[in-house]
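For reference, the structure is listed below as structure tokens.
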Amino acid sequence: MLLYVSILVLSIIFTTNAHHCGYEQCPTTNPDVINIHLVAHTHDDVGWLKTKDQYYYGQNMSIQEAGVQYIIDSVITALQENPERRFIYVETAFFWMWWKEQTPEKRLQVQELVNNGRLEFIGGAWSMNDEAAAHYHSIIDQFTWGFRRLNESLGECATPKIGWQIDPFGHSKENANIMAKMGFDGLFLGRIDYQDKNYRIANKAMEMLWLTSANDYSDASQLFTCVMYNTYSPPPGFCFDVHCQDSPIIDNPKSPEYNVPERITTFLKYMTSYSEAYRTNNVIVTMGNDFNFQYAGMNFKNMDKLIKYINNYELNGSKFHAFYSTPSCYLKAVHDSGVALPTKSDDFFPYSSDPESFWTGYFTSRPTQKRFERMGNNFLQIGKQLLAISNLPSTVDISEAKEAMGVLQHHDAITGTEKDQVASDYALILTNAMKILEKAASTSLTKLVSKRYAREWHSSEKLQFRPCLLLNISSCPETENSMSFVVTIYNPLSRFVDKLVRLPIAFPDLVYIVRGPKGEKLSVQMLPLPDFVNIPGRNSTATQEIAFIATKIPPLGFKSYFVETTTEKDDKFFKTTYTTFKSSPELGYENGAIISLSSEGKIESLKDMNTRKEIPFNQNFYYYQGAVGNNDILRGERSSGAYIFRPNGSEIPISYSRPLTKIIKGPVVTEIRQTFSDWVNQVVRLQDGSKAIEFQWTVGPIPLIKGNETFGKEIITRYTIPSLHNNGIFYTDSNGREMLKRQLNERPTWKVELMEPISGNYYPITTRINIKDEDPNQSLTVVTDRSEGGSSLNDGQIELMLHRRLIHDDGFGVDEALNEIAFQKPLVAVGSHFVTLEDDHKAKLLVQEKVLDSWLFISETEGMTYDDWKSNYSMEFSGLKDALPDHVQILTLEPWLDVESTKKIYLLRLENVMDSRSNPLSATVNIKDIFRTLSVLKVKEMLLGGNIPVENLKRLKWRKLGRNIRSTMFREIVQDSIISLKPMEIRTFLVEVEPESYYETIRL
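Residues -18 to -1, 1 to 986 (mature numbering (1 follows the signal peptide of the UniProt record, and there is no 0)) make up the sequence shown, in order.
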């Protein structure tokens, strides 16, 4: 199989088109009539009301009648019965499950359908990803893996060229940019704000050219985008699926049920309405819905008749012509018409389906799941890097982890909009993925720390590297129960970083000594753990933690620290305890952040370390009461739920009294520990050398009862600089990349009317939110450790939603209240925000350090002393010859294909992470001179998805309304492996590598 894959992918890379698939296979349109493109499709959620496997196998039909394996079986059979029929499929995760079960004969049948354009793969990602909470790393990864599996199974003709985001609840600019850079010709959307849609229908603006990047105005970042008239459903009354109750087309004139005239006339009335919303004589009509086509013959038989009789009417003078089509063929017909299109440069957030239903609750729903997913991306990137730089054999396979992360990007996974039992399954999928990555990382690190010649290393070495995944609640058995251990910190960034290390310990009477790679002793601070760390489910003996700062951790490399205990005094070890609270003009560090507290124990000011000025600042916790309604929008009101954020009134303070405040000061870290209520606590943490302030919050169990009332609560934190005037303007990131300008109570595209002024101004915060003063030198940025919803509802304020507990469903299908229970208690969420006053450049570097955080691994010392360990194992290593510039990052490094016994092909992406507005610098990188452990032999540049060589790109060109000046981004031919990176540019390569000759040469 591996040899087959290698030959197949290499042939795709190095040869031209072998098949005449694609636009050549599209049906011919008639320029004199309205062409009706019937698109047969099924929308198959990779988990929602049932788990992924339950959906695929058809388990639990009482919950939902859905079995994806039967859908694909049935569609293949129906397509073979009539050569005119076409079908599109989207979810590669399900297709791959099906493909692995098929006989060679069945696979050949599918291959023929694909090569003839009758079965077309659209989108091609592992799942149809969410566009608010998903990070761009994960979006790119899950598209890349979907493309890889399609290439392996079906070859070149299965290469997708169209984005198909019909069900996500709002659409991001970055997601569209990713699709454009993958070579897509267009994108089809199902859901946009109902006011926006009404405006577009009235102004024939349902199709547009989306200008997807403020850093690249070239054709490469433009994307044809079509909003479909009826989301992704058939016209009302024309669902022919076994799940539907609509009338079939009965064409026996002798039958009393004969209905062809009525059915065709009604359908064409809908087509008239459709056509009036678009600029060409083509209309796209989706014929399918959620898990449709389980009995495909029923659908196709009625569509056959629909097409037949519409076209019979055409012979009698009707101006309509119908045929089976695909989104690709529809797009090609629109393009060939020569139409000029309006442009769009903002995004489609927030999405509302009616005046009371803003789908902004899911930006925060299931916050612990969102954090776990972010950790999964962090660890996946580390696992891929370690496998690459250690050059482990391909038998160490992390494919299952890649697929797990692809599933987690689904628009009912990371969003938190699934049933509880499905959320539990997602957690299990990701937990298993983390175990796979742990094994791969441990094996890689065992090889990398070995001081022996690489060819002498053997995987039977028993050294283990174990991660601590519960450090946010100060739980790690490997450090709690050991008198000595080694901490190895791996840095996935391409530059040196510092890392505050906090480890729970269970021997508070001992002295802890930490030694670095050169034998140096580090300053170590012991801190008592707060009482509120003991949340439900925490199983730990630790009552204290030790903290130290690991400095200059090498890029794509690690440092190891030897930790041992003694009863003897050590001048580098500091025991710290709570100090009596009093207002303080200064808490913090001269080379870091400094804050002051009021007499009530709240933060009252920050010191701007650039100007040394005191800036008024405060922070507090509030909740919104979740609205309760009957979800009948015509005769009632909408409830707040998993999808919908609808507060019943303004915010309410969690506590009206001063917080209980305790302070810990030390040489490594200063902490202000605050209790606002018996279910809201936080630690404000200042680190020596860091200008960012960490606000680690603990929220829950959220009570539902207050006095005689019972209602859901939506918890927020609010950061305020009273002197900062942002005039209703704030900035949020798009999937962790470009920052987008937001204006309170406004939309760039149309004049909005808001019945819900709070939720209608909430936006997804994937990694950060920022406000700026009229004086551009004063700003406030909050960096999040997961996706959250947030806004700036008043001048000088940033608010972020942390946690939600609700008692009513919002009526959009889940049929469960968002009322999470964990360990027999309402869920407790723990997370962190990082607050900084620094400029956009420094804020972006901070985001990088939190998204691709340095990862801790713990190893047993097995009785070794420090000297023993150092003589046997390397304690410092970098996979790079030199650190890259701060604004350049290796976004992806992973083994991709085996070529020969020693040679491999790796997938490499390089990124300039800076925006042209914050840092307009380009960068130059010599790919052949980056790595210590690898010798780069050949370099082949690919499109972003890693599946198409750049020279094979042939995107359609479009006309814009107004001035049609085309600016084409210059892309030099890669010569001698030296490439440049413009701001916000990602470049993708397949590189042929072999390991360096002598392992000793890679040591620092």
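Every residue gets a Cβ at the ideal spot worked out from N, C-alpha and C, and that includes glycine. None of the values given here were measured: they were computed from a predicted structure.
Asked, Found
"Quick one: which unbroken beta strand (DSSP E) runs of 3-plus residues sit fully inside the segment 220 to 276? Chain order, please.", "264 to 269"
"In the DSSP output, which residue or residues are listed as bridge partners for Gly145?", "Leu169"
"If you draw a straight line from the alpha carbon of Leu828 to that of Leu362, how long is it in whole angstroms?", "20 Å"
"Skipping 5 residues on each side, what residues in its chain have a beta carbon closer than 8 Å to that of Asp328?", "Lys155, Leu722, Arg729, Pro730, Thr731"
"Compute the Euclidean distance between the alpha carbons of Gly29 and Asp167, then round it to the nearest angstrom.", "28 Å"
"Give the single residue among Phe467, Lys429, Pro349, Leu453 whose Cα lies nearest to the Cα of Ala409.", "Pro349"
"Strictly by DSSP, which residues pair up with Met190?", "Thr207"
"Pick out the complete beta strand (DSSP E) segments inside the segment 800 to 870, 3 residues or longer, and give them in chain order.", "811 to 818, 837 to 842, 858 to 860"
"With distances taken between CB atoms, is the gap from Cys226 to Phe170 smaller than 8 Å?", "no"
"Enumerate in chain order the residues of its own chain whose CB-to-CB distance from Ser622 is below 6 Å, with the five nearest sequence positions on each side excluded.", "Gly608, Ala609, Arg628, Leu788"
"Determine the extent of the alpha helix (DSSP H) in which Asp178 is found, giving its start and end residues.", "176 to 184"
"Check the C-beta distance from Ala524 over to Leu482 and give it rounded, since I have them as a contact under 8 Å.", "Contact doesn't hold; Cβ gap of about 17 Å is too wide."
"What first and last residue would you give for the alpha helix (DSSP H) that runs through Arg89?", "86 to 97"
"Does DSSP classify Glu382 as helix, strand or coil?", "helix"
"Identify, in the order they occur along the chain, each residue of the same chain with its Cβ nearer than 7 Å to the Cβ of Pro685, setting aside the five sequence neighbours on each side.", "Trp661"
"Using only CA atoms, which one of Ala370, Leu132, Lys936 lies nearest to Trp80?", "Leu132"
"Taking all protein chains shown into account, do 16 or more other C-beta atoms lie within 10 angstroms of the C-beta of Ile687, making it buried, or fewer, making it exposed?", "exposed"
"Would you call the segment 256 to 268 and the segment 169 to 189 in contact, with 3 or more CB pairs under 8 Å?", "yes"
"In this structure, how does DSSP classify residue 990 when only helix, strand and coil are distinguished?", "Because residue 990 is not part of the residues shown, which for the chain are -18 to 986, the question remains open."
"Can you tell which of Lys366, Glu66, Met783 has its C-alpha closest to the C-alpha of Lys287?", "Glu66"
"Taking DSSP's pairing of strands, which residues face Pro635 in a bridge?", "Tyr604"
"When you compare each of Met737, Asp670, Pro86 to Gly631 by their alpha carbons, which one comes out closest?", "Met737"
"When burial is assigned at 16 or more other CB atoms within 10 Å of the CB, is Phe805 buried or exposed?", "exposed"
"Ignore the nearest five residues each way along the sequence and tell me which others in Lys557's own chain have a CB closer than 6 Å to its CB.", "Met508"
"If you reduce the DSSP assignment to three classes, tell me which class Gly742 lands in.", "helix"
"Are Ala196 and Ala162 touching if we call contact CB-CB under 8 Å?", "no"
"If you draw a straight line from the alpha carbon of Ala422 to that of Thr874, how long is it in whole angstroms?", "17 Å"
"Leu706 and Ile753: beta carbons closer than 8 Å?", "yes"
"Here's a check: name, in chain order, each residue in its chain whose Cβ is nearer than 8 Å to the Cβ of Ser904, leaving out the five neighbours to either side.", "Asn894, Ser962, Leu963, Lys964, Pro965"
"In the DSSP assignment, what residue or residues form a beta bridge with Tyr472?", "Phe540, Trp837"
"Just the Cα atoms here: how many angstroms apart are Phe151 and Leu191?", "20 Å"
"Alpha carbon to alpha carbon, how far is Asp757 from Val265? Give it in angstroms, no decimals.", "50 Å"
"Answer yes if the segment 852 to 862 comes into contact with the segment 925 to 934, meaning at least three C-beta pairs across the two stretches below 8 Å, and no otherwise.", "no"
"Quick check: the Cα distance between Glu976 and Val833, rounded to an integer number of angstroms?", "30 Å"
"What's the gap between the Cα of Gly710 and the Cα of Asn602?", "20 Å"
"Would you call Gly718 buried or exposed, if buried means 16 or more other Cβ atoms sit within 10 Å of its Cβ?", "buried"
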